[in-house]
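Okay, structure first, notes after.
Protein chains: 2
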Amino acid sequence: MMSRSIWLVSGVHLGTVKKDDNVCFSLQPMTRWYIASNQTTKNTAPAEGDENATDRSSYHHGDLRRALIEAAAGLVEESGPAGFSLREVARRAGVSHAAPAHHFGSTKGLLTAVASEGFELLTAAMRQARHGVEDPADQLRAVGRAYVSVSLGNAGHAAVMFRSDIVDHDDEFFAACGLDSYGQLQQTIEAIRDTYNPDLDVELVCKLVWSTAQGIVTLHSDFGPLDERRDVRTLELTQLLDGLVDLLLDGIRPR
Amino acid sequence: MMSRSIWLVSGVHLGTVKKDDNVCFSLQPMTRWYIASNQTTKNTAPAEGDENATDRSSYHHGDLRRALIEAAAGLVEESGPAGFSLREVARRAGVSHAAPAHHFGSTKGLLTAVASEGFELLTAAMRQARHGVEDPADQLRAVGRAYVSVSLGNAGHAAVMFRSDIVDHDDEFFAACGLDSYGQLQQTIEAIRDTYNPDLDVELVCKLVWSTAQGIVTLHSDFGPLDERRDVRTLELTQLLDGLVDLLLDGIRPR
DNA sequence: AGATGGATCTTGACATCATCTAGATAATCT
DNA sequence: AGATTATCTAGATGATGTCAAGATCCATCT
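Pasting the structure below:
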């Protein structure tokens, strides 16, 4: 039996598995090599005719894992992580109430898969945003916008990605996806260091920017009502991001 | 029947209520005026003898609301918001399974009370931290440390304060507490503006700092394992905070 | 082609949970 | 003292996560 090389969207090689390998990241076969794979067979959905067929007539769904992740993300987007339920996900996918648990083990397993996919989307968007931009400052701006764009465009994923009580942090695939995203930011900050300030503490800035971005996205929905109460203009997310970059580069004190 | 003046810990006057007034913030009588109240009776716990007596023998608990909030905060601290359950809170307080719902209406109600108390603690800590510090930059540093200190010392509260799906954002008391905390930060940033840069966009900086602080605290537990994986030194929270202040003041580009 | 093993999904059951209603008990007001 | 209100309990209901056992389909081997 041939072995398969496992790659993340971002190009990181996770390892190889042979048949009957019981590796830790065997939980997400669908999403893992769906972009970068120089090997063997891809994991394609078999049925092409019945596309959006949740009303499948066959016993087997075809790509239930994918459908469950999408249903889960949609449900979280609508009802928040608190309103999430495995049974509702199953209902939306048109399968029995225990089907999700078979694929993901538990609630945590499914949400971990959603979160992992969120990081994959984020990594891809960040890479694409950086591509072809020379000025590191502009790169950072672009990365920030990509971050916001992914978070707003995939609210279900975003709502889950940083909730350590809901997600399994020991999951290898999840951790790899997270590190991948972090790497994109890190490369950007390193470019800034090389261009602007060789003494820059990359690690520190990375964590600050990451925290801020996460905070901005998380709190954005809270700021709205808050601003209304105070009768204050509401800042757009992009304004916040650009403001952050400007402040980080030049500081509060005028030159 | 006399009327009562309602004050927040922070000194903000919320309004007055008469008997039988069905005001929106009638849900949290215990916490509301427990510091600043220039009127009438305070809401004191009647029983002094049986202090930590969850094994009360009397039918009435005495200060069940308080006990429930504490039990809830403790439970969240142990199991995270996902592991929270009204019945477990009731169990810890030694009362029947439906008692919490009577006081707080629902899960959301109890968690909203916890979150509100978290903001009260935060406001008090921030105010105390600012007190007597002249240099606005030092003030900001002090406020940041207070923020971190409160978040780490009250992990249960902190884990709930920004989760908009778990907490009732329309609750007037909660909103007032949040605005109060925000006000403390705002005053600090205004001082920085007055001292360092009259053109500073206070609103922007406030939101950025708030987001960053929240992000730092939220992600702190995630950064640890992440750093281990990358074999990188772990930054202390205070280092992050101080680094943030320095960067905000002077920026990345050297002068 | 036919059998076999494994993966996929269903069914049923169980304990737990939030919430609702009705009732019991204590405190307060008049 | 009597009535009213606030506090808490008890029971019931529907929904949920998880487990175990079974049904169905698919891939592989002979």
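Chains as they are written, first to last, in the numbering used here: chain A, 1 to 255; chain B, 1001 to 1255.
Heads up, the beta-carbon is just placed ideally off N, CA and C, and yes, glycines get one too.
Within chain B, the residues V1232, R1233, L1235 have their CB atoms less than 8 Å from the CB of E203(A), given in chain order. Within 10 angstroms of the beta-carbon of L1152(B) lie fewer than 16 other beta-carbons, which makes it exposed.
Taking every protein chain shown into account, the CB of V148(A) has 16 or more other CB atoms within 10 angstroms, so this residue is buried. By the Cβ test, the stretch 1084-1100 of chain B is not in contact with the stretch 1113-1129 of chain B, since fewer than three Cβ pairs between them sit closer than 8 Å.
With a cutoff of 8 Å on beta-carbon distance, G251(A) and L1248(B) are scored as near each other.
In the structure shown, the three-state DSSP call for V95(A) is coil. Relative to G1156(B), the option among A1067(B), E1190(B), P1254(B), G1074(B) whose CA is nearest is G1074(B). Residues A115, G118 of the same chain have their beta carbon placed closer than 6 Å to that of M161(A), with the five preceding and five following residues left out of the count.
Residue burial annotation: V1167(B) is buried, with at least 16 other C-beta atoms found within 10 angstroms of its C-beta. Its Cα nearest to that of F1104(B), the residue A1067(B) stands out among A1067(B), M1126(B), V1133(B), L1185(B). Among the residues facing chain A, A1175(B) is included, as its CB has a counterpart in that chain under 8 Å away.
Closest in alpha carbon position to W1210(B), among R65(A), D201(A), I216(A), is I216(A).
Annotation note: the stretch 67-128 of chain A contains the following uninterrupted alpha helix (DSSP H) runs of length 4 or greater, listed N- to C-terminal: 86-93, 99-104. Around the C-beta of A191(A), 16 or more other C-beta atoms lie within 10 Å, and the residue is accordingly described as buried.
When only Cα atoms are considered, R1233(B) and R127(A) end up about 26 Å apart. Taking the Cβ atoms as the reference, G1243(B) lies roughly 20 Å from L240(A), outside the contact range of under 8 Å.
In this chain, the alpha helix (DSSP H) harbouring E1228(B) covers 1202-1230. Within the same chain, Cβ atoms closer than 8 Å to the Cβ of K1108(B) are found at I1166, V1167, D1168, the five residues on either side in sequence being excluded. For F1223(B), a Cβ of chain A is located within less than 8 Å of the residue's own Cβ. Judged by DSSP in its simplified three-state form, T1234(B) adopts coil rather than helix or strand. Taking all protein chains in view, the Cβ of A1071(B) is crowded by 16 or more other Cβ atoms within 10 Å, so the residue is classified as buried.
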